[in-house]
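Remarks on the structure that follows.
Dropping the structure here:
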């Protein structure tokens, strides 16, 4: 009788574990876990140190100005010889006005695709080192080898302010969508054309768009001139060092959202301090997504229902995360593992953080 009870107990334990823990390999798994504050997190833990695991940023339709399901974004963003096994929604975007432009920083394959100088940014270097920090990115440009000949507000984001200057790459959309701008069209590193209004973005270059108050800068650009631009990355965290700035030069994948939850083992979770003003982000409970990493380089991506930023930071602390940050939430919150939704999104999204093997 005792032996039968023991066997039954073991079987029940196995069933309980298998209902919450899904193994796919020795390098990653999915589970759900209840924490001391009563909240349950669904998350994927993965070992980024494993040589066969690769990170990536995914864009809807491979464009900045688009929205699609998380599953379709994963399917679109391919790495030859690899298969996506996990993904989480990324940065905030304009979800309600029909123009789904992102708000946060995005870097993919070493290319800066968008800037959002607020909140926090997760960066992954080419040798898969991890960093989460408060980050400011500035862009300055050169003409015929002379530096600091122009600057821009950002990249791949249409603006209406009269003094806005923006760069648009083919990653944005088919055209700039800045109707009042005058434009410098650069192809293969040289000025090919100058025009006005909404203009096509060349596949072999970029466009610099100057809104009305800045039209006078157009005279600096001559047809045939060599034109380039350079981003500068600066940590805005208190007591940041030169090393904190320098690490971003090696970052090849990044997603910016926030606020940060933990920075270097210290709970932060202060949305107002990082530039957020909405109560639904700073104080209210909501559906949340998050990303973080441990001292040993293992990464966790996950979601939590009906949690405040403070509660989410407590969960990340209990998960032994060295640094962690909040991602877009609400109806955007989504978690995918081995082709199956663990958290179903309530709408199409703009971008995602994806892991391949």
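Residue numbers (full-length UniProt numbering): 1 to 357.
Backbone N, C-alpha and C fix where the C-beta goes; we use that ideal spot for every residue, glycine too.
Since the model is a prediction, treat every value here as computed from it, not as a measurement.
Check: Can you say whether residue 34 is buried or exposed, counting buried as having 16 or more other CB atoms within 10 angstroms of its CB?; Outcome: exposed
Check: Per the DSSP calculation, residue 352 is bridged to which residue(s)?; Outcome: 58, 89
Check: Hey, how far is the Cα of residue 57 from the Cα of residue 216?; Outcome: 37 Å
Check: Would you say residue 86 and residue 28 are within 8 Å of each other, going by their C-beta atoms?; Outcome: yes
Check: Report yes or no: do the region 241-255 and the region 160-173 share at least 3 C-beta pairs separated by less than 8 Å?; Outcome: no
Check: Out of curiosity, what's the CA-to-CA distance linking residue 346 and residue 288?; Outcome: 13 Å
Check: Just list the residues that DSSP pairs residue 100 with in beta bridges.; Outcome: BP columns for residue 100 are empty, so no partner.
Check: What would DSSP say about residue 345, mapped onto helix, strand or coil?; Outcome: coil
Check: By the DSSP assignment, the beta strand (DSSP E) with residue 44 in it spans what residues?; Outcome: 40-47
Check: For a test of the three-state rule: what should DSSP assign to residue 133, helix, strand or coil?; Outcome: strand
Check: Tell me, to the nearest whole angstrom, how far the beta carbon of residue 89 is from that of residue 349; I am working on the premise that it is less than 8 Å.; Outcome: 5 Å
Check: With distances taken between CB atoms, is the gap from residue 44 to residue 315 smaller than 8 Å?; Outcome: no
Check: On the DSSP bridge assignment, give the partners of residue 183 in chain order.; Outcome: 195, 209
Check: Quick check on DSSP: helix, strand or coil for residue 275?; Outcome: coil
Check: With a floor of 4 residues, list each alpha helix (DSSP H) that falls wholly inside the region 203-251, ordered by position along the chain.; Outcome: 242-246
Check: How many whole angstroms separate the CB atoms of residue 119 and residue 302, which I take to be in contact at a CB cut-off of 8 Å?; Outcome: No, residue 119 and residue 302 are not in contact; Cβ-Cβ is about 18 Å, not under 8 Å.
Check: For residue 107 and residue 40, what's the separation of their Cα atoms in angstroms?; Outcome: 31 Å
Check: The alpha helix (DSSP H) spanning residue 312 covers which residue range?; Outcome: 309-318
Check: With three or more C-beta pairs closer than 8 Å as the rule, is the region 187-202 touching the region 234-242?; Outcome: no
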